[in-house]
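K.L.:
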Amino acid sequence: MSAKSQSRTEEVAASHIKRAQNPRLRTLQSRMEKRPLRVQTDISEAGSVKSDPNPQNEAERTKHAQELVRIERARNKDLKNVVNTLTEELSQAREDVRKSLDETKSVRDWLGYETEESKERNIDVKKRLLEIQTSLREMKMNKSKTKEESVTPSTKKMEADIKTLSSQLDELRTKWGALKNETSKTLETSNKSLHEIKNLPKHLSANEKVEEQLKAVQSAVENFSERLNSARESYKSICMSNCSRCKRKWRQCHQSGCEIAITPQPNHTLIVSSKDKTHTGEHILQIIREAIDIKKSGTKVEKVRKARNQKVILKCSTKEDMEAIQNKMRSRKEIKVEAAKAANPLLIMKGVMAYHKDADIIENVLAQN
Numbered sequence: 001m002s003a004k005s006q007s008r009t010e011e012v013a014a015s016h017i018k019r020a021q022n023p024r025l026r027t028l029q030s031r032m033e034k035r036p037l038r039v040q041t042d043i044s045e046a047g048s049v050k051s052d053p054n055p056q057n058e059a060e061r062t063k064h065a066q067e068l069v070r071i072e073r074a075r076n077k078d079l080k081n082v083v084n085t086l087t088e089e090l091s092q093a094r095e096d097v098r099k100s101l102d103e104t105k106s107v108r109d110w111l112g113y114e115t116e117e118s119k120e121r122n123i124d125v126k127k128r129l130l131e132i133q134t135s136l137r138e139m140k141m142n143k144s145k146t147k148e149e150s151v152t153p154s155t156k157k158m159e160a161d162i163k164t165l166s167s168q169l170d171e172l173r174t175k176w177g178a179l180k181n182e183t184s185k186t187l188e189t190s191n192k193s194l195h196e197i198k199n200l201p202k203h204l205s206a207n208e209k210v211e212e213q214l215k216a217v218q219s220a221v222e223n224f225s226e227r228l229n230s231a232r233e234s235y236k237s238i239c240m241s242n243c244s245r246c247k248r249k250w251r252q253c254h255q256s257g258c259e260i261a262i263t264p265q266p267n268h269t270l271i272v273s274s275k276d277k278t279h280t281g282e283h284i285l286q287i288i289r290e291a292i293d294i295k296k297s298g299t300k301v302e303k304v305r306k307a308r309n310q311k312v313i314l315k316c317s318t319k320e321d322m323e324a325i326q327n328k329m330r331s332r333k334e335i336k337v338e339a340a341k342a343a344n345p346l347l348i349m350k351g352v353m354a355y356h357k358d359a360d361i362i363e364n365v366l367a368q369n
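Pasting the structure below:
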């Protein structure tokens, strides 16, 4: 093995050890620095390594060579993995860039489409602004020309109006002064007349006569009012005495122990019931509607209500209506019509105590009536 090949192998081994940054590789590097390696470059051609008188050195060299081969293989594998990952990432980046380019193109197209109308509007607005500016300039020029012509007649008219207003104000002032003088004169005359009225003599002959007459009338009125009051009192006393007499007579005429609590009122009610037990209140009402034709007959029913035991109660306003309805109902065989009768009338009994028995109450009622 030549010295160049030996130095080359040492450099490669040192570079691999530095890249790997492994404690085991560091130990190998230190050993290689202490003991220089002598590896055969072309093993296939040589067939075998030269014999060394020291077998231990030969074994160490073979170990070092094997270790270097392993390191180179691992490095190549790592490089391949790195290259594969880089190629994959580059392909992904290319796809992403292509997608982003497509998106940017679509966005540009959309923006161009959307901004066309605004651009056209801006152009129209600019044109209109230019037209307005030109029209304003023309108007300013025309105003500057016509100012001198239009100012003089307008000022003359204003001056004439001001003069007329000032003359009118002067006239109003003079009128106001005249009115003020007139009012002051009228006030003076009225004050004088009031002062004269206040200073008139108090006791005049005519006034004294009128006052005496008024006093006489007042005295007569007072006497008349006193007489009226006395007459009213006497009339009240007479009325009270007459009322007491009437009450006494009424009590004497109506002395009894029983009085009817409620005055009897005319009872124009009909109780309608069905002969068929299966019929309900609705069936009976339907039969009543069919039997009574209110439009044709002209009869009036004030109240209609359902009662117990399949009965319907009809209340009429007059006796004639009740009789007419009763006659029409009798034509229907499935219905039974009866006039309502008052049962157990309510009585108020005076002069009866709680300790009285039924026989005593009956005796008192018979004795009083």
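Numbering-wise, UniProt numbering puts 5 at position 5 of the sequence shown, and it's gapless, one number per residue. All residues carry an ideal CB built from backbone N, CA and C; glycine is no exception.
1) Looking only at C-alpha atoms, which of 227, 339, 78 sits nearest to residue 311?
2) What are the residues that DSSP puts in a beta bridge with residue 313?
3) Answer with buried or exposed for residue 71, where buried requires no fewer than 16 other C-beta atoms within 10 angstroms of its C-beta.
4) Please state whether DSSP places residue 292 in a helix, a strand or coil.
5) Could you tell me if residue 217 is buried or exposed, where buried requires 16 or more neighbouring beta carbons within 10 angstroms of its beta carbon?
6) Report the rounded CA-to-CA distance for residue 134 versus residue 141, giving the unit in angstroms.
7) Please list, in chain order, all residues of the same chain as residue 286 whose beta carbon is under 7 Å from its beta carbon, the five residues on each side excluded.
8) Quick test of the definition: if touching needs 3 or more C-beta pairs under 8 Å, does the segment 287-306 touch the segment 315-333?
9) Look at the Cβ atom of residue 303, then the Cβ atom of residue 268, and state whether they are nearer than 8 Å.
10) Residue 259: buried (16+ other C-beta within 10 angstroms of its C-beta) or exposed?
11) Of the choices 54, 307, 294, 295, whose alpha-carbon is the least far from that of residue 274?
12) Where DSSP assigns a beta bridge to residue 337, which residues make up the other side?
13) Taking only the alpha-carbon atoms, compute the straight-line gap between residue 159 and residue 128 and give it to the nearest angstrom.
14) Determine, using beta carbons only, whether residue 362 and residue 272 come nearer to each other than 8 Å.
15) Does DSSP put residue 212 in a helix, a strand or coil?
16) Please report the residue range of the alpha helix (DSSP H) in which residue 324 lies.
17) Per DSSP, what kind of secondary structure is residue 277 in: helix, strand or coil?
18) Do the CB positions of residue 365 and residue 270 come within less than 8 Å of each other?
19) Would you report the Cα separation of residue 188 and residue 181, rounded to the nearest angstrom?
20) Does DSSP put residue 141 in a helix, in a strand, or in coil?
21) Distance, Cα to Cα, residue 320 vs residue 309?
22) With 16 other CB atoms within 10 Å as the buried threshold, where does residue 353 fall?
23) Do residue 332 and residue 291 have their C-beta atoms within less than 8 Å of each other?
P.N.:
From the atom records:
1) Here the question's residue 311 lines up with position 311 in the sequence shown. Comparing Cα-Cα distances from residue 311 to each of 227, 339, 78, the minimum goes to 339.
2) As a working note, residue 313 is residue 313 in the sequence shown. Beta bridge pairing from DSSP links residue 313 with 271, 305.
3) Along the sequence shown, one-based indexing puts residue 71 at 71. Classification of residue 71: buried, given that the 10 Å Cβ count is 16 or more.
4) Here the question's residue 292 lines up with position 292 in the sequence shown. If DSSP states are grouped into helix, strand and coil, residue 292 belongs with coil.
5) Translated into positions along the sequence shown, residue 217 becomes position 217. Counting Cβ neighbours within 10 Å, residue 217 comes out exposed, since fewer than 16 surround it.
6) The residue you call residue 134 lines up with position 134 of the sequence shown. The residue you call residue 141 lines up with position 141 of the sequence shown. Each residue's alpha carbon lies about 11 Å from the other.
7) Translated into the one-based positions of the sequence shown, residue 286 becomes position 286. Nothing meets the Cβ criterion.
8) A contact exists between the segment 287-306 and the segment 315-333.
9) Position 303 of the sequence shown holds residue 303. Position 268 of the sequence shown holds residue 268. Not in contact: residue 303 and residue 268 (Cβ atoms no closer than 8 Å).
10) Taking the first residue of the sequence shown as 1, we reach residue 259 at position 259. Model confidence at residue 259 stands at a pLDDT of 47, short of 50, so the residue's coordinates are unreliable and nothing is read from them.
11) On the sequence shown, position 274 is the one that residue 274 refers to. That would be 307, whose Cα lies nearest to the Cα of residue 274.
12) Taking the first residue of the sequence shown as position 1, residue 337 is located at position 337. Answer by DSSP bridge pairing, in chain order: 272.
13) Here residue 159 refers to the residue found at position 159 of the sequence shown. Here residue 128 refers to the residue found at position 128 of the sequence shown. Going from the Cα of residue 159 to the Cα of residue 128 covers about 43 Å.
14) By one-based count along the sequence shown, residue 362 stands at place 362. By one-based count along the sequence shown, residue 272 stands at place 272. No.
15) Counting from 1 along the sequence shown, the entry for residue 212 is found at position 212. The answer is helix: DSSP assigns residue 212 an H, G or I state.
16) Translated into positions along the sequence shown, residue 324 becomes position 324. Unbroken alpha helix (DSSP H) run through residue 324: 319-330.
17) Within the sequence shown, numbered from 1, the residue matching residue 277 stands at position 277. In the structure shown, residue 277 sits in coil (DSSP, three-state: anything other than H, G, I, E or B).
18) Working through the sequence shown from its first residue, we reach residue 365 at position 365. Working through the sequence shown from its first residue, we reach residue 270 at position 270. No, these two residues do not count as a Cβ contact at 8 Å.
19) Within the sequence shown, residue 188 is the residue found at index 188, counting from 1. Within the sequence shown, residue 181 is the residue found at index 181, counting from 1. Each residue's alpha carbon lies about 11 Å from the other.
20) Walking along the sequence shown from the start, residue 141 turns up at place 141. Residue 141: helix per DSSP, three-state reduction.
21) Counted from its first residue, the sequence shown places residue 320 at position 320. Counted from its first residue, the sequence shown places residue 309 at position 309. Distance between the alpha carbons of residue 320 and residue 309: 27 Å.
22) Walking along the sequence shown from the start, residue 353 turns up at place 353. Exposed: under 16 other Cβ atoms inside 10 Å.
23) Indexing the sequence shown from 1 puts residue 332 at position 332. Indexing the sequence shown from 1 puts residue 291 at position 291. The answer is yes: Cβ separation under 8 Å.
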